[in-house]
Ligand code: ACM
Ligand code: ZN
């Protein structure tokens with residue numbers, strides 16, 4: 151104890167020697183915020199909007215130590231220091247009442263924390279994943295939420311001054327290494343702690359509950375048919391398993407072994423076991439991704455139309471084993487028969503490493519999580535005005551000169567990195583083992599400033615452009631009148647076709663003509679092209695004809711040379727959807743027009759309307775990102791309400807609808823953990839909208855069914871927005 155106090159005093163002295171002392175964040179210049187490592191704040195700190203806390207988190211990216219003990223603050227707001235990996239020390243004020251949800255989520259360099267006696271609540275997941283946290287001192291008796299200190303497996307000492315155990319939940323210290331962590335409580339109060347929920351784990355005294363899975367309460371997305379039989383002779387799952395699989399199912403067998411070992415906590419080799427898991431193919435099933443899952447007292451049979459179907463059966467099995475999400479694995483499964491198949495073929499999430507780079511291993515780790523919910527495509531927005539993120543061997547200058555910059559709007563952070571082609575091949579193979587397709591996107595003719603920065607000859611007038619460091623839309627476009635534009639795109643797509651085996655390739659196409667394509671109007675090369683194409687209008691429709699020409703040439707190459715299906719973001723001026731292409735309905739209020747265009751052109755469409763599917767928008771007022779370009783709120787219920795068929799009828803659903811997508815544009819997402827925060831739980835709503843039949847969907851039921859899934863996510867250290 152003395153040692154800890156001494157360390158805290160020394161730390162305070164160290165902070166005061168190097169720290170800047172200010173009342174509030176507004177006393178610092180943007181450059182001072184960018185450079186700050188040690189801060190002492192003494193004023194009344196704001197918690198809403200572009201608050202002092204938001205600025206500490208998002209603008210002080212070097213911050214290591216912050217002393218709030220002289221500040222006037224009652225609350226550390228939700229997400230206050232969410233995923234600030236460099237933060238080592240925080241001194242909390244003696245006036246503190248509450249620490250909000252996920253306030254220190256994954257602050258994994260944080261070493262010690264003292265919760266002052268005034269603290270009344272430490273909310274759910276407040277310190278979840280603070281793996282470097284060694285010492286925790288609780289001066290009073292605050293109520294400690296679910297998963298509040300979960301996965302803090304570096305904890306070695308917890309000192310509580312209250313003789314009455316603070317209220318805790320069974321999950322408060324989930325994943326803490328209780329054998330290596332010393333709990334010190336006031337003399338004479340040990341017995342209270344021994345019996346108290348949450349604290350009992352430190353005494354090896356956890357109540358050994360017997361958990362029965364309730365299938366109708368925990369599967370997301372909801373399956374097509376589920377019949378649960380009596381639980382009189384259930385299947386005991388925490389045993390050794392023997393896995394039998396058809397020869398084409400080696401990959402699924404590996405997943406099965408992984409799931410059973412992870413969940414049951416029993417050593418598994420899959421060869422010998424007390425119960426049997428049988429994986430097989432059943433050609434009589436309808437959809438390519440359909441499966442059946444049957445649980446009997448002897449074991450489980452999963453039959454799929456294809457390996458993908460078997461894989462989805464395994465994803466459902468994992469959901470069943472996770473059950474209520476508290477402990478990682480239930481004890482028994484009731485006997486049941488489950489039949490399932492997706493409503494739509496493509497269930498996509500899109501990520502944007504162009505605006506803020508996503509390191510390769512973290513991008514890879516995103517895949518198993520989406521696959522759990524039967525999402526099957528990951529769309530990579532690889533280039534934009536702010537960066538070029540994919541190695542092109544013919545043009546090494548692209549990544550050399552356009553993959554590193556400082557700044558994304560007010561965040562003056564260094565943002566750098568790109569993916570090598572070898573990494574992308576590794577990603578494709580890894581994703582394939584989870585039945586996730588990787589779809590690359592190269593924007594044209596807009597959102598291409600990074601490429602133009604490297605090759606000015608790509609744009610009209612060969613202008614020298616700086617890489618963009620703000621959000622918004624640039625008026626500078628690729629020039630359709632120059633042959634180099636086609637040569638460049640042809641060479642880029644030739645290399646990508648070799649790296650990404652997906653049937654699909656996305657060409658962007660958004661926001662180049664709306665506002666209109668002014669940059670083409672006065673360009674001599676564009677004028678020559680217009681004359682050649684006999685385009686004489688001057689009402690700007692001529693620009694759309696030019697865009698059509700540019701797209702036509704690229705689409706033709708992609709289809710005939712590489713057998714690809716090009717995709718693009720729908721704009722109303724695209725009167726024709728070229729044959730063999732897929733359009734994406736994304737703009738607020740334009741989905742019906744896009745669907746009608748798809749019907750008219752006999753084309754396929756993916757629905758990602760901003761009203762439901764823009765997962766980068768805040769999920770509630772005040773939720774992250776607190777500062778943005780004016781995004782509307784997209785609540786969980788609003789996402790859930792998505793009708794993938796947009797009430798356009800059976801023929802549309804059958805002939806035109808390919809699937810749905812959720813976008814995670816990254817202008818405001820400055821850590822990988824925050825990608826998950828934005829994505830979930832809305833990606834669960836999207837998954838259910840895309841997978842489950844309308845008669846199997848109900849908001850109230852979904853709202854209940856996600857709770858175990860979300861608990862399991864926190865148990866596994868995944869962040870999600872709790873604002874619903
Ligand atoms: C988009 O959101 N610009 C497709
Ligand atoms: Zn031009």
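Numbering (our numbering), first residue to last: 151 to 874. Don't be surprised by glycine CBs; every beta carbon is placed ideally from N, CA and C.
Indicate whether residue i and residue j have their beta-carbon atoms separated by less than 8 Å.
i           : j           : result
residue 497 : residue 841 : yes
residue 855 : residue 367 : yes
residue 824 : residue 774 : yes
residue 591 : residue 532 : yes
residue 361 : residue 480 : yes
residue 702 : residue 715 : no
residue 758 : residue 704 : no
residue 603 : residue 544 : no
residue 589 : residue 654 : yes
residue 441 : residue 521 : no
residue 631 : residue 678 : yes
residue 215 : residue 239 : yes
residue 398 : residue 431 : yes
residue 597 : residue 648 : no
residue 485 : residue 379 : yes
residue 832 : residue 786 : yes
residue 745 : residue 796 : yes
residue 125 : residue 601 : No information on residue 125 is available, as it lies outside the stretch 151 to 874 that the chain covers here.
residue 627 : residue 595 : yes
residue 265 : residue 241 : no
residue 245 : residue 272 : no
Residue i to residue j, Cα distance in whole Å?
i           : j           : result
residue 666 : residue 849 : For residue 666, the predicted model reports a pLDDT of 48, less than 50, meaning its position is unreliable; a value from the coordinates is still stated below. Their Cα atoms are separated by approximately 41 Å.
residue 328 : residue 301 : 11 Å
residue 660 : residue 593 : 8 Å
residue 612 : residue 599 : 12 Å
residue 618 : residue 482 : 56 Å
residue 623 : residue 536 : 11 Å
residue 793 : residue 346 : 47 Å
residue 866 : residue 463 : 21 Å
residue 675 : residue 606 : 14 Å
residue 864 : residue 258 : 15 Å
residue 857 : residue 869 : 14 Å
residue 658 : residue 642 : 14 Å
residue 322 : residue 298 : 5 Å
residue 772 : residue 561 : 19 Å
residue 724 : residue 710 : 22 Å
residue 169 : residue 186 : 8 Å
residue 473 : residue 409 : 14 Å
At which residues does the beta strand (DSSP E) containing residue i begin and terminate?
i           : result
residue 366 : Where residue 366 is concerned, there is no enclosing beta strand (DSSP E), given that its DSSP letter is neither H nor E.
residue 377 : 375-378
residue 498 : 496-501
residue 442 : 441-445
residue 812 : 807-814
residue 489 : 486-490
residue 829 : It is not in any beta strand (DSSP E) - residue 829 instead sits in the alpha helix (DSSP H) that spans 822-829.
residue 238 : No beta strand (DSSP E) contains residue 238, which DSSP labels as neither H nor E.
residue 477 : Note, residue 477: premise wrong, no beta strand (DSSP E); not H, not E.
residue 431 : 425-431
In terms of residues, what are the limits of the alpha helix (DSSP H) holding residue i?
i           : result
residue 518 : 510-522
residue 716 : Looking at the DSSP string, residue 716 is not in any alpha helix (DSSP H); the run it does join, the beta strand (DSSP E), is 715-719.
residue 799 : Neither: residue 799 is in no alpha helix (DSSP H) and is coded neither H nor E.
residue 459 : 457-472
residue 265 : Here residue 265 belongs to no alpha helix (DSSP H); instead the beta strand (DSSP E) covers 262-265.
residue 708 : 691-712
Among the options, whose alpha-carbon lies nearest the alpha-carbon of residue i?
i           : options            : result
residue 427 : 433, 416, 453      : 453
residue 310 : 204, 226, 295, 289 : 289
residue 446 : 417, 381, 501      : 381
residue 487 : 404, 291, 467, 274 : 467
residue 281 : 244, 511, 261      : 261
residue 296 : 396, 176, 475      : 475
residue 783 : 794, 770, 727      : 770
residue 637 : 582, 700, 652, 255 : 700
residue 587 : 817, 419, 656, 504 : 656
residue 373 : 506, 439, 171      : 439
residue 127 : 385, 814, 728, 798 : The first residue shown for the chain is 151 and the last is 874, placing residue 127 beyond what the model contains.
residue 200 : 818, 852, 859      : 818
Shell residues, 7 Å Cβ cut-off relative to heavy atoms of ligand 1: 660, 661, 719, 736, 813, 815
message: Quick check on the contact list: which residues have their beta carbon closer than 5 Å to a heavy atom of ligand 2?
response: 610, 629, 631, 673, 675, 676
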